[in-house]
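Chemist: Protein chains in written order, with the numbering used here: chain Y, 1 to 200; chain G, 1001 to 1200.
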DNA sequence: GTGCGAATGTGACAAGCGTCACCCGGGGGT
DNA sequence: ACCCCCGGGTGACGCTTGTCACATTCGCAC
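In structure tokens, the structure reads:
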């Protein structure tokens, strides 16, 4: 019997996935969590074999939970199930030592199958994504990422400067760097590109 | 027996929702569709009582399907199930005569309940959203919407001008109008605001 | 110490952006 | 015939962006 905790913020999807997994005779859904913090608490209380979690959740993200599990050396496997086919996410997930990484647009049967594989100690990584992941590295450094994120929210160079205690000019330099590295024409395009790759 | 067709582009969610609905004794899932065009074909072939559909799908969106159903006066109810709590979407859905509009972060049991209500001829609209929907009207006109959408993709005023066969200056005027109406500081913020409200 | 390389700043320039006041031409009312 | 509204355009103004070449400072390696 594989004992599972399910974390996913959209209630309807959570309920549906739970129903789906409960149809399997060798899988038992111990509980579900609507956000990252609840998931973390339930994880410690229920001690499941496997945590199945989304990435984007209020509070803790799925990636952050995976990092904590690894840091505390808990005997719990983590499977990420997410909408986003972003190589950067997969990469960070692998760095956090997750057992599986599936996309929500993979067939539903894959989930139970992946659960069994991971429970046996194997890995279940979405195949197309696995290829892309190591092909293209994130060219941005921390500052560039940070500045690009704020610029993408509509803030001007001046706004960002005050917010980060840097000078107006420096911000523009970083932004220019980022735009160049990404081969974009302006901050908006750069933001979109970076976001799409999961480099945020 | 309520005969249902389910349209949703994410395979895993599709499978899970299908499993969920099949647990109900009075509901039968006739089939599922992975995008809007398939959904439209299956709709005509299977003649279900109710179509449960996502909004954002490749090909036809759920809203467009609802509009077609109404235009052709098919005896099929439509229930929209979506992630997006955007008042503008609900409004367009109501204009298209849908029977129900639920959010994916409503509890899973609501879906079956809504199906029954709509099948009986009632309406199932997410309550909080219903309030907001009529409170704030979309202030943008067609040109502004169009221009703002392109600007949000990172295109410059010049790019947009050539694309729409308008002058450089006119584009900037429209953009300025849109920014003003939305109370934004620049195109990026304006784009984000409009998008968030579902005015796109 | 000397030297190198990050990280941050500066100043200048051209291009793009946001705003505004105003112009033009074609429908519709009346 | 008149006016007025509407979609579109013009030109000018000042500010923001994107780029680049060149400082400054600090820390680390040797």
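The beta carbon of each residue, even a glycine, is placed where N, CA and C say it ideally should be.
None of these values were measured; they are calculated from a predicted model.
(1) Taking the continuous alpha helix (DSSP H) assigned at residue 43 of chain Y, which residues delimit it?
(2) My understanding is that residue 1178 of chain G touches residue 1150 of chain G, with C-beta atoms under 8 Å, so please give their C-beta distance in whole angstroms.
(3) Fully enclosed by the segment 1172–1197 of chain G, which beta strand (DSSP E) runs are 3 residues long or longer?
(4) In this structure, how does DSSP classify residue 123 of chain Y when only helix, strand and coil are distinguished?
(5) Within 8 Å of any Cβ in chain G, is that where the Cβ of residue 10 of chain Y sits?
(6) Going by C-alpha to C-alpha distance, which of G/1114, G/1120 and G/1121 sits closest to residue 1127 of chain G?
(7) Between residue 1015 of chain G and chain Y, is any beta-carbon pair separated by less than 8 Å?
(8) Could you work out which residues of chain Y lie near residue 1037 of chain G, taking near to mean beta carbons separated by less than 8 Å?
(9) Output yes if chain Y places a C-beta closer than 8 Å to the C-beta of residue 1083 of chain G; else output no.
(10) Mind listing the chain Y neighbours of residue 1047 of chain G? Cutoff is C-beta to C-beta under 9 Å, in chain order.
(11) Any Cβ of chain Y within less than 8 Å of the Cβ of residue 1148 of chain G?
(12) Alpha carbon to alpha carbon, what distance is there between residue 172 of chain Y and residue 166 of chain Y?
(13) Could you name the residues of chain Y that residue 1186 of chain G contacts, counting a contact when the two beta carbons are closer than 8 Å?
(14) Considering just the uninterrupted stretch of the beta strand (DSSP E) at residue 4 of chain Y, what are its terminal residues?
(15) Consult DSSP for residue 209 of chain Y and reduce its assignment to one of helix, strand or coil.
(16) Our contact map puts residue 1070 of chain G next to residue 1030 of chain G with C-beta atoms below 8 Å; I'd like the distance itself, whole angstroms only.
(17) Since residue 189 of chain Y meets chain G, which of its residues come closer than 7 Å, beta carbon to beta carbon?
(18) Using a C-beta to C-beta distance shorter than 9 Å, which residues of chain Y count as neighbours of residue 1108 of chain G?
(19) How far does the alpha helix (DSSP H) with residue 144 of chain Y in it reach, from first residue to last?
(20) Can you pull the chain G neighbours of residue 111 of chain Y, defined as C-beta to C-beta under 9 Å?
(21) What is the rounded straight-line gap between the Cα of residue 1047 of chain G and the Cα of residue 1027 of chain G?
(22) From the beta carbon of residue 1116 of chain G, is the nearest beta carbon of chain Y less than 8 Å away?
(23) Taking DSSP as the reference, what is the three-state secondary structure of residue 1027 of chain G?
Modeler: On the basis of the supplied data:
(1) 36–46
(2) Not quite, the Cβ-Cβ distance comes to about 11 Å (not below 8 Å), so this is no contact.
(3) none
(4) coil
(5) yes
(6) Minimum Cα distance to residue 1127 of chain G is reached at G/1114.
(7) The beta carbon of residue 1015 of chain G falls within 8 Å of a beta carbon belonging to chain Y, placing the residue at that interface.
(8) Result: empty, since nearest Cβ-Cβ is about 16 Å, beyond 8 Å.
(9) Yes, its Cβ sits closer than 8 Å to a Cβ of chain Y.
(10) What residue 1047 of chain G touches in chain Y: nothing, since even the nearest Cβ is about 25 Å away.
(11) Contact of residue 1148 of chain G with chain Y is not assigned, every C-beta pair being separated by 8 Å or more.
(12) 10 Å
(13) Correct list: 154 and 156.
(14) 2–7
(15) The question about residue 209 of chain Y has no answer here: the residues shown for chain Y are numbered 1 through 200.
(16) That belief does not hold up - the Cβ atoms of residue 1070 of chain G and residue 1030 of chain G are roughly 21 Å apart, past 8 Å.
(17) 1154
(18) 11, 12, 13, 14, 15, 16, 18 and 19
(19) 142–152
(20) 1012, 1015 and 1016
(21) 15 Å
(22) Chain Y contact via Cβ: absent.
(23) strand
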